[in-house]
Amino acid sequence: MIQIYGVPGYGSTISELMLTLAGVRYSFINVDGYDKPGPAREQLEKLNPLCQVPTLVLENGTVMTESAAVALMLLDDHPELAPAPGTPERNRFLRLLVWMVANVYPTFTYADYPERWAPGAPAQLRESTGRYRETLYRWLEQQVEATPWMFGQDISLLDCYLPVMRRWTPHAAWFAQHTPKLNAIADAVCALPELQTVLRANRIL
Ligand SMILES: N[C@@H](CCC(=O)N[C@@H](CS)C(=O)NCC(=O)O)C(=O)O
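Residue numbers (UniProt numbering): 1 to 205.
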């Protein structure tokens, strides 16, 4: 069975939602405390030198990291979880999937550990990356043309990011006020019966 190393509510939740949507069974290994020196960090570092979650160990022993890579891997066997290849929606899906992890996710890398990157001005770095993240979410809001999912009538793996990231800064009230379409997608994911257990285990609900 696939193993997901993670912490409830952290980025591992995104992978848990994706695997659950795909009907892929996994076991969850809680590495709470991995971002500080200690046994959890030592355990995770052996698998992923960046020491980030999600980190997966696949059934064949391969280590898989990067939430977008997990999504693309799942699509090999579950193509229904993204727009069909060869369509304009597929191009937009690929663009926004990579955009999310290339642009939004790094703002957390810097803002969550600002003293690592700017020991002389950690509060300033947290504030500036937070403001930048809001501009990114506002742009993403403009890209959403469909309901109830980002690409229309069928959920895609990209939708899995929204309920998780909505829990993080700038938090749900900001999304409700400034990005109502993203907020509605996050609500729709949270309403899916098959995701209730995962969402609760990760304190999204
Ligand atoms: N690009 C990675 C980012 C993963 C990531 O940054 N995870 C955060 C937790 S939500 C983390 O482990 N941060 C610890 C660190 O960067 O040191 C992905 O898409 O999965």
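C-beta atoms are modelled at their ideal positions from N, C-alpha and C, and glycine is treated no differently.
Just the Cα atoms here: how many angstroms apart are Leu96 and Leu158? The count along the sequence shown starts at 1 and reaches residue 96 at position 96. The count along the sequence shown starts at 1 and reaches residue 158 at position 158. Leu96 and Leu158: Cα-Cα distance of roughly 8 Å.
Would the stretch 128-136 count as touching the stretch 99-107 if we require 3 or more Cβ pairs under 8 Å? yes
List the residues that DSSP assigns as beta-bridge partners of Met64. Counting from one through the sequence shown, the residue named residue 64 turns up at place 64. Partner(s): Leu56.
With C-beta atoms as the reference, is Pro54 less than 8 Å away from Val31? What you label residue 54 is simply residue 54 of the sequence shown in a count that begins at 1. What you label residue 31 is simply residue 31 of the sequence shown in a count that begins at 1. Cβ atoms of Pro54 and Val31: not closer than 8 Å.
Would DSSP call Trp168 helix, strand or coil? As a first step, residue 168 must be located in the sequence shown, where it is residue number 168. Coil at Trp168, not helix or strand.
For Cys51, which of Leu75, Tyr10 and Thr20 has the nearest alpha-carbon? As a first step, residue 51 is located in the sequence shown; it is residue number 51 there, counting from the start. Of the listed residues, the one whose Cα sits closest to Cys51 is Tyr10.
Length of the line joining the Cα atoms of Thr13 and Pro119: For this step, residue 13 is matched to residue 13 along the sequence shown. For this step, residue 119 is matched to residue 119 along the sequence shown. Per the coordinates, the alpha-carbon of Thr13 lies some 29 Å from the alpha-carbon of Pro119.
Between which two residues does the alpha helix (DSSP H) containing Ser15 stretch? Taking the sequence shown and counting its residues from 1, one reaches residue 15 at position 15. That run of the alpha helix (DSSP H) goes Ser12 to Ala22.
From which residue to which residue does the alpha helix (DSSP H) around Asn183 run? Looking up residue 183 in the sequence shown gives position 183. First-last of the alpha helix (DSSP H) with Asn183: Pro180 to Cys190.
Determine the burial state of Asn183: buried for a count of at least 16 other Cβ atoms within 10 Å of its Cβ, exposed for fewer. By one-based count along the sequence shown, residue 183 stands at place 183. Per the 10 Å Cβ criterion, buried.
Which listed residue (Phe108, Thr197 and Ala22) has its alpha carbon closest to that of Arg126: As a first step, residue 126 must be located in the sequence shown, where it is residue number 126. The shortest Cα separation from Arg126 among Phe108, Thr197 and Ala22 belongs to Phe108.
Name, in chain order, the residues that DSSP records as bridge partners for Ser27. In the sequence shown, residue 27 corresponds to position 27, counting from 1. Paired residues: Gln3.
Near Ser156, what residues of its chain come up, given a Cβ to Cβ distance below 8 Å and the 5 sequence neighbours on each side ignored? As a working mapping, residue 156 is identified with position 156 in the sequence shown. Contacts found: Leu81, Ala82, Pro83, Phe93, Trp149 and Met150.
In or out: Glu16 buried (at least 16 other Cβ within 10 Å) or exposed? Sequence index remark: in the sequence shown, residue 16 carries index 16 (1-based). Buried is the call here.
Looking at C-alpha atoms only, which residue of Arg25, Lys46, Glu89 and Glu42 is the closest neighbour of Pro58? The count along the sequence shown starts at 1 and reaches residue 58 at position 58. Note on residue identity: the sequence assigns Leu, not Pro, to residue 58. Of the candidates Arg25, Lys46, Glu89 and Glu42, the one whose C-alpha sits nearest the C-alpha of Leu58 is Arg25.
Tell me whether Pro54 counts as near ligand 1, meaning its Cβ is closer than 7 Å to at least one heavy atom of that ligand. As a working note, residue 54 is residue 54 in the sequence shown. Pro54 Cβ: within cutoff of ligand 1.
Distance, Cys190 Cα to Phe175 Cα: As a first step, residue 175 must be located in the sequence shown, where it is residue number 175. As a first step, residue 190 must be located in the sequence shown, where it is residue number 190. Taking the straight line from one Cα to the other gives about 15 Å.
Mind listing, in chain order, the continuous alpha helix (DSSP H) runs of no fewer than 4 residues lying wholly within the stretch 99-175? 105-112, 114-117, 122-143 and 161-167
Whose C-beta lies closer than 8 Å to the C-beta of Thr179 among residues of the same chain, with five residues either side of it excluded? In the sequence shown, residue 179 corresponds to position 179, counting from 1. Excluding positions up to five away in sequence, the list reads Tyr137, Arg138, Leu140 and Glu141.
Among residues of its own chain, excluding the 5 on either side of Ala201, which ones have a beta-carbon nearer than 7 Å to its beta-carbon? Here residue 201 is taken as the residue at index 201 of the sequence shown, counted from 1. Around Ala201: Pro8.
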